[in-house]
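Residue numbers (my numbering), protein chains in the order written: chain D, 195 to 526; chain S, 195 to 526. For glycine and all other residues, C-beta sits at the position ideal for the given N, C-alpha and C. Everything on this sheet refers to the single structure shown next.
2 protein chains.
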Amino acid sequence: MKKLINDPAGVVRDALGGIAAAHPQLRVDTEQRIVVRADAPRPGKVGVVSGGGSGHEPLHGAFVGIGMLDAACPGEVFTSPVPDQVLAATKAVEGGAGVVHVVKNYTGDVLNFQMAAELAHDEGAKVESVLVDDDVAVQDSLYTAGRRGTGATVVVEKVAGALAESGGGIGQVAGVGRKANERSRSFGIALTACTTPAAGTPTFELGEDEIELGIGIHGEPGRQRRKIAPAGELAELAVAAILEDMPLDRDDPALVVVNGMGGTPLVELYVVMNDVARVLGERGVPIARSLVGNYVTSLDMAGFSLTLTRLDEELLRLWDAPVRTPALRWGM
Amino acid sequence: MKKLINDPAGVVRDALGGIAAAHPQLRVDTEQRIVVRADAPRPGKVGVVSGGGSGHEPLHGAFVGIGMLDAACPGEVFTSPVPDQVLAATKAVEGGAGVVHVVKNYTGDVLNFQMAAELAHDEGAKVESVLVDDDVAVQDSLYTAGRRGTGATVVVEKVAGALAESGGGIGQVAGVGRKANERSRSFGIALTACTTPAAGTPTFELGEDEIELGIGIHGEPGRQRRKIAPAGELAELAVAAILEDMPLDRDDPALVVVNGMGGTPLVELYVVMNDVARVLGERGVPIARSLVGNYVTSLDMAGFSLTLTRLDEELLRLWDAPVRTPALRWGM
Numbered sequence: 195m196k197k198l199i200n201d202p203a204g205v206v207r208d209a210l211g212g213i214a215a216a217h218p219q220l221r222v223d224t225e226q227r228i229v230v231r232a233d234a235p236r237p238g239k240v241g242v243v244s245g246g247g248s249g250h251e252p253l254h255g256a257f258v259g260i261g262m263l264d265a266a267c268p269g270e271v272f273t274s275p276v277p278d279q280v281l282a283a284t285k286a287v288e289g290g291a292g293v294v295h296v297v298k299n300y301t302g303d304v305l306n307f308q309m310a311a312e313l314a315h316d317e318g319a320k321v322e323s324v325l326v327d328d329d330v331a332v333q334d335s336l337y338t339a340g341r342r343g344t345g346a347t348v349v350v351e352k353v354a355g356a357l358a359e360s361g362g363g364i365g366q367v368a369g370v371g372r373k374a375n376e377r378s379r380s381f382g383i384a385l386t387a388c389t390t391p392a393a394g395t396p397t398f399e400l401g402e403d404e405i406e407l408g409i410g411i412h413g414e415p416g417r418q419r420r421k422i423a424p425a426g427e428l429a430e431l432a433v434a435a436i437l438e439d440m441p442l443d444r445d446d447p448a449l450v451v452v453n454g455m456g457g458t459p460l461v462e463l464y465v466v467m468n469d470v471a472r473v474l475g476e477r478g479v480p481i482a483r484s485l486v487g488n489y490v491t492s493l494d495m496a497g498f499s500l501t502l503t504r505l506d507e508e509l510l511r512l513w514d515a516p517v518r519t520p521a522l523r524w525g526m
Numbered sequence: 195m196k197k198l199i200n201d202p203a204g205v206v207r208d209a210l211g212g213i214a215a216a217h218p219q220l221r222v223d224t225e226q227r228i229v230v231r232a233d234a235p236r237p238g239k240v241g242v243v244s245g246g247g248s249g250h251e252p253l254h255g256a257f258v259g260i261g262m263l264d265a266a267c268p269g270e271v272f273t274s275p276v277p278d279q280v281l282a283a284t285k286a287v288e289g290g291a292g293v294v295h296v297v298k299n300y301t302g303d304v305l306n307f308q309m310a311a312e313l314a315h316d317e318g319a320k321v322e323s324v325l326v327d328d329d330v331a332v333q334d335s336l337y338t339a340g341r342r343g344t345g346a347t348v349v350v351e352k353v354a355g356a357l358a359e360s361g362g363g364i365g366q367v368a369g370v371g372r373k374a375n376e377r378s379r380s381f382g383i384a385l386t387a388c389t390t391p392a393a394g395t396p397t398f399e400l401g402e403d404e405i406e407l408g409i410g411i412h413g414e415p416g417r418q419r420r421k422i423a424p425a426g427e428l429a430e431l432a433v434a435a436i437l438e439d440m441p442l443d444r445d446d447p448a449l450v451v452v453n454g455m456g457g458t459p460l461v462e463l464y465v466v467m468n469d470v471a472r473v474l475g476e477r478g479v480p481i482a483r484s485l486v487g488n489y490v491t492s493l494d495m496a497g498f499s500l501t502l503t504r505l506d507e508e509l510l511r512l513w514d515a516p517v518r519t520p521a522l523r524w525g526m
């Protein structure tokens with residue numbers, strides 16, 4: 195294993211130190227392991243908190259900032275944050291209007307966020323939870339009952355954060371997050387496995403010319419293993435898998451996220467974007483907005499995931515709203 | 195070789211198609227192979243053009259936009275753009291005030307940009323050229339007489355673009371670009387080689403536990419091959435190599451760019467940033483600004499480069515100025 199780390203057990207601590215050094219506008223508590231907007235808590239503003247295992251950067255820590263998350267709580271690599279950590283993040287951003295948790299659907303995350311929500315409730319804070327389960331590839335998986343939460347997380351966090359920023363109440367913020375999740379589907383394809391710092395070896399083995407369709411963001415098994423194919427064919431497969439589950443037509447302007455898994459260079463993601471645009475064009479689905487880059491990654495895995503969100507006027511407006519985080523920034 | 199491509203010969207064409215699909219605010223001419231700001235040419239504004247081989251994305255195409263480049267001309271992978279292409283980009287942005295070329299120091303790039311500048315001159319356009327040669331690792335290299343142009347390119351393009359946006363004349367824009375280059379130094383470390391689509395095999399071989407110090411952005415040889423070491427040690431090495439060439443002290447606020455080579459995930463870059471900040475702190479060098487992510491890449495190479503720029507008031511102001519490109523965006 196060759197990685198730019200010091201110690202497999204210290205990766206999250208060191209990366210948090212790097213976030214603190216690079217982004218003085220964020221408050222990083224390396225003891226509690228939370229990343230918080232410097233101006234939190236803001237009285238009267240609904241707080242938006244997310245978290246989960248590390249190894250998916252920029253998710254979640256680099257999505258903290260104006261118009262998106264108020265705080266993030268990163269667990270160890272591919273490991274849920276502990277309830278105390280989620281509670282600390284929740285309390286750090288609670289400004290009297292309640293807090294919305296954005297939780298990817300993995301059993302550990304769901305349990306620990308729920309426990310933290312109960313603890314917060316005992317201390318007088320209102321908490322609502324939004325579950326993200328957008329991955330159409332498999333029904334249940336290694337770590338999940340039901341669908342996994344993957345690429346749509348960035349969409350849910352963006353629109354919920356935007357509504358919270360503009361004064362939405364806790365029910366509205368949670369509601370729009372749930373709507374974004376309901377209208378989003380994702381499908382991922384891996385060219386290589388990822389290697390966790392602790393294990394030091396790839397999470398699974400793929401042959402020299404093999405790829406895996408329908409992978410999750412932790413190297414969980416997908417639907418099928420097959421030979422590598424041209425990007426156009428893979429784009430076709432990903433679009434088909436999504437549209438089979440959520441039909442879109444010419445009246446459904448889509449947000450398209452072509453997301454890199456961490457080890458794939460941007461030039462390849464643009465090639466995929468080109469093919470996704472062609473395939474959607476052939477099917478008559480208009481692309482209203484798009485995002486191409488590494489947003490919800492799986493350590494050093496090579497590959498991509500495609501997320502399509504069926505926008506409506508509200509989601510489009512909230513997607514376009516100003517945002518200022520390390521990894522997503524526009525309009526201000 | 196597993197890559198998200200359709201055809202090794204069509205990577206640049208397809209990626210340009212993806213840029214066009216993802217960024218409707220840019221004008222992409224896939225025939226001429228240029229990416230141009232939609233509002234170019236702007237009368238009275240100095241145009242800023244850069245280009246070079248593809249495989250370094252987001253450099254240069256995704257740095258086109260308000261406050262940075264007016265146009266980019268990507269060559270084939272690791273291959274200089276042809277003079278006609280550079281000329282087309284130059285003419286597309288020439289608004290009567292002249293055009294500044296930002297050229298990385300590689301023999302082919304230098305020759306082809308020079309030829310294009312002469313052709314543009316014959317057609318009545320003033321062109322000034324800024325050469326980027328920031329890499330302290332080696333004096334000459336496979337493709338270069340003198341030092342290679344690497345990570346500092348993003349700094350030069352940003353500050354020159356900002357000055358052009360705010361109405362600077364051609365001499366001023368070129369001058370500030372040259373100043374940024376003179377005050378910048380870079381050093382890169384590879385954990386793996388990269389694989390070009392055309393060759394299909396890695397450009398060099400590194401053992402399971404080997405790294406190469408002082409690599410360029412095309413897999414050119416560096417200074418030394420050695421065993422992998424903790425990130426802290428590598429950060430120390432990179433800082434030392436740079437400061438040996440350009441001493442910095444407490445009166446030299448630095449811009450720090452921790453740049454991924456394309457195959458390294460963000461979490462590792464933040465670990466490196468943490469160590470770079472520590473090392474600079476020990477040496478008393480204040481960090482004024484920083485940038486962590488994949489900006490000047492080398493296809494799928496794993497590793498990082500460090501760029502330090504000795505800021506002055508003008509460079510700091512121009513770095514902070516609003517910018518709106520696909521890959522770099524703030525202040526608007």
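- In this structure, G343/D lies near N299/D, with their beta-carbon atoms less than 8 Å apart.
- In terms of Cα proximity to L428/D, the closest of G382/D, T395/D, G361/D, E438/D is G382/D.
- Per DSSP, reduced to three states, the secondary structure at E402/S is coil, with no helix or strand assignment.
- For T347/S, the enclosing alpha helix (DSSP H) starts and ends at 346–359.
- For the region 506–526 of chain S, the set of residues with a beta-carbon nearer than 9 Å to any beta-carbon of chain D comprises R518, P520, A521, R523, W524, G525, M526, in chain order.
- In this structure, the CA atom of V486/S is about 7 Å from the CA atom of L463/S.
- R372/S has its alpha-carbon roughly 13 Å from the corresponding atom of L505/S.
- In the same chain as G340/S, and ignoring 5 residues on each side of it, the C-beta atoms closer than 8 Å to its own belong to N299, D327, Q333, D334, in chain order.
- Closer than 8 Å at the C-beta level to chain D, one finds these residues of the region 410–443 of chain S: I422, P424, A425, G426, L428.
- Between T389/S and L493/S, the alpha-carbon positions lie close to 7 Å from each other.
- A Cβ-Cβ distance of about 6 Å is found for the pair G261/D and R518/D, placing them in contact under the 8 Å criterion.
- At a cut-off of 8 Å, the C-beta of M309/S has no neighbouring C-beta in chain D.
- Residue ranges of uninterrupted beta strand (DSSP E) with 3 or more members, entirely inside the region 388–468 of chain S and ordered along the chain, are 404–407, 418–421, 448–454.
- Ranking A331/D, E322/D, R377/D, R379/D by CA distance to the CA of A358/D puts E322/D first.
- Here M309/S carries a helix assignment [DSSP, helix/strand/coil].
- Uninterrupted beta strand (DSSP E) stretches at least 3 residues long and entirely within the region 241–265 of chain S occur at 241–248, given in chain order.
- Note on R444/S: under 16 other CB atoms within 10 angstroms of its CB, so exposed under the neighbour-count rule.
- Counting every other CB atom within 10 Å of its CB across the protein chains shown gives H254/S a total of 16 or more, marking it as buried.
- By the Cβ criterion, the region 455–475 of chain S is not in contact with the region 414–421 of chain S, since fewer than three pairs of Cβ atoms, one from each stretch, lie closer than 8 Å.
- In summary, the residues of the region 368–399 of chain D whose CB is separated from some CB of chain S by less than 8 Å are L385, T386, in the order they occur in the chain.
- Under the DSSP assignment, R511/D falls outside any beta strand (DSSP E), being part of the alpha helix (DSSP H) whose first and last residues are 507–514.
- Counting along the chain, G211/D sits inside no beta strand (DSSP E); it lies in the alpha helix (DSSP H) bounded by residues 205–216.
- In chain order, P459, L460, V461 make up the part of chain S whose C-beta sits under 9 Å from the C-beta of T491/D.
- The Cβ of I228/S sits no closer than 8 Å to any Cβ of chain D.
- Between A314/S and K285/S, the CB-CB gap stays under 8 Å.
- When rounded, the separation of the alpha-carbon atoms in E270/S and V206/S is 6 Å.
- Going by beta carbons, L442/S and A448/S fall inside the 8 Å limit.
- Nearest CB-CB separation between E251/S and chain D: below the 8 Å threshold.
- Boundaries for D223/D: no alpha helix (DSSP H) harbours it, while the beta strand (DSSP E) harbouring it runs 220–223, taken from the DSSP string.
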